[in-house]
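Just below is one structure, and these are the notes that go with it.
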Amino acid sequence: MSGFVEKPEPVEVPGLVHLHTGKVRDLYQNEAGDLVMVASDRISAFDWVLPTEIPDKGSVLTQLSLWWFDQIADLMPNHVLGTELPPGAPAEWAGRTLVCKSLRMAPVECVARGYLTGSGLVEYDRTRTVCGLALPEGLSDGSELPAPIFTPATKAAVGEHDENVSYEEVARQVGADTAARLRQATLAVYGRGRDIARERGIILADTKFEFGFDGETLVVADEVLTPDSSRFWPADQWEPGRAQPSYDKQFVRDWLTSAESGWDRKSERPPPALPQQVVDATRAKYVEAYERLTGTTWS
Ligand SMILES: Nc1ncnc2c1ncn2[C@@H]1O[C@H](COP(=O)(O)OP(=O)(O)OP(=O)(O)O)[C@@H](O)[C@H]1O
Ligand SMILES: [Mg+2]
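Using UniProt numbering, the first residue of the sequence shown is number 1, and each one after it goes up by one.
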């Protein structure tokens, strides 16, 4: 079992048509045909969208993505058209809403990894490969890879797992030329993100991009280089051979898998509400990631 514990209702705004409720974002179309993307405070873990929100999470993700779009603007165009609230939108949408170009999305989660962990580590432990790419012996959880790699995944529906696929499989699905462009863009933007994060004491272990096409032009869409789409590790605590502390949902995952939550991941039951201290600690992690990366204070 997985999915939404409580499926949120779309907001009725005159002039906007609701298109889709994602795990985190609600998508609408405005009268100009552009996409209105509203990042909620929802949080997902273990393929569930939890019944508890993390205050400010949606605006932190949105503001951090905007900051990154600027940092990578010379590498790639992005989908943002504006940040003005649509007329009649609720005040809570301020800071978390982007008006975006509606793109023909590439059906691939474009992941770059500079370090080994997560599903990459699972595959490596079995076969010494990640997405079919051969890696050297002797790597462990958190090891830096000899060079960053493109490890695409298929896009899964809410409640389902993304699945790692080989580059050849992507090429079969989208064509060799598009696959090559996706890989090149993924590694270029990852490289920029890694370098900037590193200067700020953060390791960008891996990250996921979603790209779309505006005509023939490849455009970076969705969110970029946020704690939801990336693994950020404090550089001064990096120590391969164990799970790394990270700027994200770690408190949520740890609590849900602890005896205290009373929840069994393998059961059919939905996860319970999060206690206040887990909410507060998680909010603080998102804010800390924003502040360390941008060098500005969250207010
Ligand atoms: N410019 C765009 N044009 C069209 N679709 C977009 C654009 N930018 C983002 N999207 C889509 O909007 C949705 C954003 O919602 P959300 O982040 O909640 O995604 P999700 O796919 O449900 O979850 P996750 O990001 O965890 O996989 C995604 O389906 C994404 O592909
Ligand atoms: Mg998303």
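No residue lacks a Cβ here, since even glycine has one placed at the ideal position from N, Cα and C.
So the candidates are Asp228, Arg253 and Val13; which of them puts its Cα closest to the Cα of Trp93? For Trp93, the nearest C-alpha among the options comes from Val13.
Check whether the Cβ of Lys23 lies closer than 8 Å to any heavy atom of ligand 2, and answer yes or no. Inclusion of Lys23 in the 8 Å shell around ligand 2 follows from its C-beta lying nearer than that to a non-hydrogen atom of the ligand.
Use the C-beta contact count for His79: other C-beta atoms within 10 angstroms, 16 or more gives buried, fewer gives exposed. Buried, by the Cβ-count rule.
How many whole angstroms separate the CB atoms of Ser44 and Leu50, which I take to be in contact at a CB cut-off of 8 Å? With a contact defined as Cβ atoms closer than 8 Å, Ser44 and Leu50 qualify at about 7 Å.
So the candidates are Val36, Phe46 and Pro77; which of them puts its Cα closest to the Cα of Ser267? That would be Phe46, whose Cα lies nearest to the Cα of Ser267.
Continuous alpha helix (DSSP H) stretch holding Gln173: start and end: For Gln173, the uninterrupted alpha helix (DSSP H) run begins and ends at Tyr167 to Val174, by DSSP.
Is Ser229 near ligand 2, with its Cβ less than 8 Å from a heavy atom? Ser229 Cβ: within cutoff of ligand 2.
Rounded C-alpha distance that separates Gly22 from Gly241: Between Gly22 and Gly241, the C-alpha separation is close to 35 Å.
Could you check the C-alpha separation between Ala281 and Pro234 for me, to the nearest Å? Ala281 and Pro234: Cα-Cα distance of roughly 16 Å.
Who are the Cβ neighbours of Asp214 in its own chain at under 7 Å, not counting the five residues just before and after it? Answer for Asp214: Lys101 and Leu103, listed in chain order.
Apply the 10 Å Cβ neighbour rule to Gln244 and answer buried if 16 or more other Cβ atoms are within range, or exposed otherwise. It is buried - the Cβ of Gln244 has at least 16 other Cβ atoms within 10 Å.
Pairwise C-alpha distance: Val224 and Phe232: Between Phe232 and Val224, the alpha-carbon positions lie close to 13 Å from each other.
How would you write the range of the beta strand (DSSP E) that Arg113 sits in, first residue to last? First-last of the beta strand (DSSP E) with Arg113: Val108 to Tyr115.
Tell me the rounded alpha-carbon separation between Ser119 and Thr294. Between Ser119 and Thr294, the C-alpha separation is close to 29 Å.
Please name the residue or residues paired with Phe209 in a DSSP beta bridge. Under DSSP, the beta-bridge partners assigned to Phe209 are Cys110.
When you compare each of Tyr190, Thr186, Ser246 and Asp141 to Leu218 by their alpha carbons, which one comes out closest? Checked all of Tyr190, Thr186, Ser246 and Asp141; the closest Cα to Leu218 is Thr186.
Taking only the alpha-carbon atoms, compute the straight-line gap between Thr97 and Gly138 and give it to the nearest angstrom. Taken atom to atom, the span from the alpha-carbon of Thr97 to that of Gly138 is near 45 Å.
Three-state secondary structure (DSSP) of Arg192: DSSP places Arg192 in the helix class (H, G or I) of the three-state scheme.
Relative to ligand 2, is the shortest distance from any of its heavy atoms to the C-beta of Glu169 smaller than 8 Å? For ligand 2, not one heavy atom lies less than 8 Å from the Cβ of Glu169.
Cβ-based burial, Lys7 [other Cβ within 10 Å; buried from 16]: Exposed: under 16 other Cβ atoms inside 10 Å.
Using only CA atoms, which one of Arg253, Val122 and Thr83 lies nearest to Trp67? Of the listed residues, the one whose Cα sits closest to Trp67 is Thr83.
Closest by CA to Arg183, which one among Arg194, Tyr167, His18 and Asp195? Relative to the Cα of Arg183, the nearest Cα in the group Arg194, Tyr167, His18 and Asp195 belongs to Tyr167.
If we count the other Cβ atoms within 10 Å of its Cβ and call it buried at 16 or more, is Thr129 buried or exposed? It counts as exposed.
Supposed contact pair Asp41 and Lys57 - C-beta distance, whole angstroms, cut 8 Å: Between Asp41 and Lys57 the Cβ distance is about 5 Å, and since that is below 8 Å, they are a contact.
Can you have a look at Gly157 and say buried or exposed, based on whether 16 or more other CB atoms are within 10 angstroms of its CB? According to the sequence shown, residue 157 is Ala rather than Gly. Around the Cβ of Ala157, a 10 Å sphere holds fewer than 16 other Cβ atoms; the residue is exposed.
Please look up how many angstroms separate the CB atoms of Asp141 and Thr117, rounded, as I've assumed it's under 8 Å. The Cβ separation is near 6 Å, so the contact holds.
In whole angstroms, what separates the C-alpha of Arg200 from that of Trp255? Linking Arg200 to Trp255 through their CA atoms gives a straight-line distance of about 28 Å.
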